[in-house]
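Visitor: So the numbering used here is basically just the index in the sequence shown, starting at one, shifted up by 21.
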Amino acid sequence: MIRSGRYLYSFGTRLFQQSRLCDLFVAFKDVPTPVARSHLPYFSPCACKIHTNIARQSSDQNPEPARMKVISIPNPFRWLHNQMELATLKREWDAEFTIENFKAGARQAVCTTTEFITRREWGELRGLLSQKAINKLRNIKWTLDQEHNLVLNPERIQVTQVDNVSLQVIVDRRYCDIDVTIIGTCIPYNLDKHSLVVLEYFARFHREYTEGVLPEWTITVFKLKNFEAYKRRTGV
22 MIRSGRYLYS FGTRLFQQSR LCDLFVAFKD VPTPVARSHL PYFSPCACKI
72 HTNIARQSSD QNPEPARMKV ISIPNPFRWL HNQMELATLK REWDAEFTIE
122 NFKAGARQAV CTTTEFITRR EWGELRGLLS QKAINKLRNI KWTLDQEHNL
172 VLNPERIQVT QVDNVSLQVI VDRRYCDIDV TIIGTCIPYN LDKHSLVVLE
222 YFARFHREYT EGVLPEWTIT VFKLKNFEAY KRRTGV
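1) How long is the line joining the alpha carbons of Val186 and Leu110, rounded to whole angstroms?
2) Identify every run of the alpha helix (DSSP H) within the region 86-146, keeping only runs that are complete inside it and at least 4 residues long; order them along the chain.
3) Buried or exposed, going by whether 16 or more other CB atoms sit within 10 Å of the CB of Lys246?
4) According to DSSP, is Asp198 part of a helix, a strand, or is it coil?
5) Use the C-beta contact count for Arg228: other C-beta atoms within 10 angstroms, 16 or more gives buried, fewer gives exposed.
6) With a Cβ-Cβ cutoff of 8 Å, do Gln182 and Lys90 count as a contact?
7) How would you write the range of the beta strand (DSSP E) that Asn185 sits in, first residue to last?
8) Can the beta-carbon of Phe248 be found less than 8 Å from the beta-carbon of Leu212?
9) Glu168 lies in the beta strand (DSSP E); which residues open and close that run?
10) Quick check on the burial criterion: 16 or more other C-beta atoms within 10 angstroms. Buried or exposed for Ile92?
11) Can you tell which of Ala250, Gly148, His215 and Leu173 has its C-alpha closest to the C-alpha of Trp238?
12) Looking only at its own chain, which residues have a Cβ that is under 6 Å from the Cβ of Arg58, when we skip the five neighbours before and after it?
13) Just list the residues that DSSP pairs Leu149 with in beta bridges.
14) According to the neighbour-count rule (16 or more other Cβ atoms, all chains shown, within 10 Å of its Cβ), is Ala116 buried or exposed?
15) From Pro236 to Glu113, what distance separates their C-alpha atoms?
16) So, at 8 Å on beta carbons, what are the nonlocal neighbours of Val201 in its own chain, with the 5 sequence-adjacent residues on each side left out?
17) Can you tell me where the beta strand (DSSP E) with Lys237 in it begins and where it stops?
18) Would the beta-carbon of Arg253 fall within 8 Å of that of Lys214?
19) Who are the Cβ neighbours of Ile155 in its own chain at under 8 Å, not counting the five residues just before and after it?
20) When you compare each of Lys153, Arg140 and Leu101 to Thr241 by their alpha carbons, which one comes out closest?
21) Is Arg159 closer than 8 Å to Gly205 when the C-beta atoms are compared?
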């Protein structure tokens, strides 16, 4: 078992509290869960493909966005593996870690990232994302619909799912990677064209837990896994 000294842990905690990504994790730990709405689509536990029945509004001079609810069904074996890894993380590496605070911070970090991507403010992503992840995002060729409908707001997130937790010890260094899928809806940029947009983002959060290393979470992989823009039906 690898143990960290109390002095270094306390020192690291203070440094962590000064880091940018940590601020997002702490400041938004009380973000409420969105209220469930309307009909019940679901996500396949394997492919996470969207199957949906949307409650659509009548088309008029001021069209309104459709409403829906997203349900995620995790793989039970993967869920059990993740629970065991999280228990080890809390018991041996980070006694102050809670999955609730982590998820809240992950939601805000992903939402902030989508805002900077939309505005093409790549420099603002430094400290949130690794340079490799930023470079990959800059090279993506978004469709016209995607360019205008990428931003995800915390209050419109319906699913925050931990896909995988990985703890690695390489010689005397310790690494933690947590994969998160975040699914939510956004009000379409053009309500005359679309009634609803569903966004599914994947983010890998990385942190090195080696003693003496700044305790910062960094997004090393970020991608739009699924984008569904539902066209508005006319004459309904």
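For each residue, glycine too, the CB sits at the ideal point set by N, CA and C.
Guide: Reading from the atomic positions:
1) Counting from 1 along the sequence shown, the entry for residue 186 is found at position 165. Counting from 1 along the sequence shown, the entry for residue 110 is found at position 89. Just so you know, the alpha carbons of Val186 and Leu110 end up roughly 10 Å apart.
2) Here the runs fully enclosed are 97-109 and 120-140.
3) Looking up residue 246 in the sequence shown gives position 225. Exposed, since its Cβ has fewer than 16 Cβ neighbours within 10 Å.
4) Numbered from its first residue, the sequence shown carries residue 198 at position 177. In the structure shown, Asp198 sits in a strand (DSSP, three-state: E or B).
5) As a working mapping, residue 228 is identified with position 207 in the sequence shown. Burial call: buried.
6) On the sequence shown, residue 182 is found 161 positions in, with the first residue counted as 1. On the sequence shown, residue 90 is found 69 positions in, with the first residue counted as 1. In this structure, the beta-carbon distance from Gln182 to Lys90 does not fall below 8 Å.
7) Here the question's residue 185 lines up with position 164 in the sequence shown. Start and end: Ile178 to Ile191.
8) On the sequence shown, position 227 is the one that residue 248 refers to. On the sequence shown, position 191 is the one that residue 212 refers to. No, the Cβ-Cβ distance between Phe248 and Leu212 is not below 8 Å.
9) One-based indexing of the sequence shown puts residue 168 at position 147. Counted as a single uninterrupted DSSP element, the stretch harbouring Glu168 is not any beta strand (DSSP E) but the alpha helix (DSSP H) occupying residues Leu165 to Glu168.
10) Against the sequence shown, residue 92 aligns to sequence position 71. Ile92 comes out exposed.
11) For this step, residue 238 is matched to residue 217 along the sequence shown. Per the Cα distances, Gly148.
12) On the sequence shown, residue 58 is found 37 positions in, with the first residue counted as 1. Summary for Arg58: the model assigns pLDDT 31, below 50, so the residue's position carries little reliability, and this model does not support an answer.
13) In the sequence shown, residue 149 corresponds to position 128, counting from 1. Within the DSSP secondary-structure output, Leu149 pairs in no beta bridge.
14) Against the sequence shown, residue 116 aligns to sequence position 95. Ala116 is exposed by the Cβ-count criterion.
15) As a first step, residue 236 is located in the sequence shown; it is residue number 215 there, counting from the start. As a first step, residue 113 is located in the sequence shown; it is residue number 92 there, counting from the start. Looking at the two C-alpha atoms, the distance is approximately 15 Å.
16) As a first step, residue 201 is located in the sequence shown; it is residue number 180 there, counting from the start. Answer for Val201: Lys124, Ala127, Val131, Thr181, Gln182, Val183, Asp184, Phe223, Ala224, Arg225 and Phe226, listed in chain order.
17) Residue numbering aside, residue 237 sits at position 216 when the sequence shown is read from its first letter. It is worth fixing the name first, because residue 237 is Glu in this sequence and not Lys. That residue, Glu237, is in no beta strand (DSSP E); it is neither H nor E in DSSP.
18) Mapped onto the sequence shown, residue 253 falls at position 232. Mapped onto the sequence shown, residue 214 falls at position 193. Against a cut-off of 8 Å, the Cβ pair of Lys214 and Arg253 comes out as a contact.
19) If you number the sequence shown from 1, residue 155 lands on position 134. Closer than 8 Å at Cβ, skipping near neighbours: Trp143, Leu146 and Arg147.
20) Indexing the sequence shown from 1 puts residue 241 at position 220. Ranking Lys153, Arg140 and Leu101 by Cα distance to Thr241 puts Lys153 first.
21) For the purposes of this step, residue 205 is taken as the residue at position 184 of the sequence shown. For the purposes of this step, residue 159 is taken as the residue at position 138 of the sequence shown. Inclusion of Gly205 and Arg159 in the CB contact set at 8 Å is not warranted, their separation being larger than that value.
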